[in-house]
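J.: Residue numbers (my numbering): 7 to 133. All C-beta atoms, glycine included, are put in the ideal place defined by N, C-alpha and C. All values reported here derive from a predicted model rather than from experimental measurement. Okay, here's the structure, questions in a sec.
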Amino acid sequence: MSKSIFISCVHEDSHRINNIKNWAEQKRLGDVVITFETEDKRHIGVDAIKQHIRDKIEGAAVILILIGQDSHNHDWIKAEAELANSFHKQIICVRITNTSGAVPLILKNYKVINFDPDAIKNAIDNL
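Here is the structure:
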């Protein structure tokens with residue numbers, strides 16, 4: 007049975023989702039289905055963001071959070087991580103290549119892995 011993976015990232019990094027979707031389609035991540043938010047909803051506020059993405063996160067087995075240059079100061083990432091924690095979801099933090107932005111405080115206790123299909127697959131397999 008496929009494992010549902012929700013990808014969390016700031017809107018400016020959303021083009022990275024295509025890499026992960028391609029890796030999933032090539033079965034490089036194992037038997038997974040990728041879900042993610044397709045619209046930038048930051049302007050509607052944190053509570054509205056949480057309501058908007060609640061079902062996607064609740065239905066996912068794993069939350070993959072992309073850590074880039076500005077992830078640490080976005081309400082979007084914080085809201086999705088809070089939801090993931092509230093549903094007791096497994097979280098994997100992935101460092102986007104060639105970025106050095108801080109890890110959001112809510113995620114400071116999570117290991118951060120490389121943006122690499124083998125590293126991501128290994129993290130998913132070891133949950």
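So, helix, strand or coil for residue 101, using DSSP?
T.: Locating residue 101 in the sequence shown gives position 95, counting from the first residue. Strand.
J.: Exposed or buried, which one is residue 50 when buried takes at least 16 other CB atoms within 10 Å?
T.: Counting from 1 along the sequence shown, the entry for residue 50 is found at position 44. Burial call: exposed.
J.: Extract the residue ranges of the alpha helix (DSSP H) inside the segment 67-118, only unbroken runs of 4 or more that lie entirely within it.
T.: 81-92
J.: Just checking my contact of residue 77 with residue 83 at CB under 8 Å: how many whole Å lie between their CB atoms?
T.: The residue given as residue 77 occupies position 71 in the sequence shown. The residue given as residue 83 occupies position 77 in the sequence shown. With a Cβ gap of about 5 Å, residue 77 and residue 83 count as contacting.
J.: Between 73, 66, 65 and 40, which lies nearest to residue 18 when the distance is taken from Cα to Cα?
T.: Residue numbering aside, residue 18 sits at position 12 when the sequence shown is read from its first letter. Among 73, 66, 65 and 40, the Cα nearest to that of residue 18 is on 73.
J.: Judging by CA-CA distance, which residue of 97, 7 and 92 is the nearest neighbour of residue 132?
T.: On the sequence shown, residue 132 is found 126 positions in, with the first residue counted as 1. That would be 97, whose Cα lies nearest to the Cα of residue 132.
J.: Can you give me the start and stop residues for the beta strand (DSSP E) that residue 38 sits inside?
T.: Here residue 38 refers to the residue found at position 32 when the sequence shown is read from its first residue. That run of the beta strand (DSSP E) goes 38-42.
J.: Whole angstroms are fine: how far does the CA of residue 15 sit from the CA of residue 71?
T.: For the purposes of this step, residue 71 is taken as the residue at position 65 of the sequence shown. For the purposes of this step, residue 15 is taken as the residue at position 9 of the sequence shown. Rounded to the nearest angstrom, the two C-alpha atoms are 6 Å apart.
J.: CB-CB under 8 Å to residue 88, same chain, minus the five flanking residues each way: which ones, in chain order?
T.: Sequence index remark: in the sequence shown, residue 88 carries index 82 (1-based). These residues qualify, in order along the chain: 56 and 112.
J.: With C-beta atoms as the reference, is residue 100 less than 8 Å away from residue 130?
T.: Residue mapping note: residue 100 aligns to position 94 of the sequence shown, counting from 1. Residue mapping note: residue 130 aligns to position 124 of the sequence shown, counting from 1. Not in contact: residue 100 and residue 130 (Cβ atoms no closer than 8 Å).
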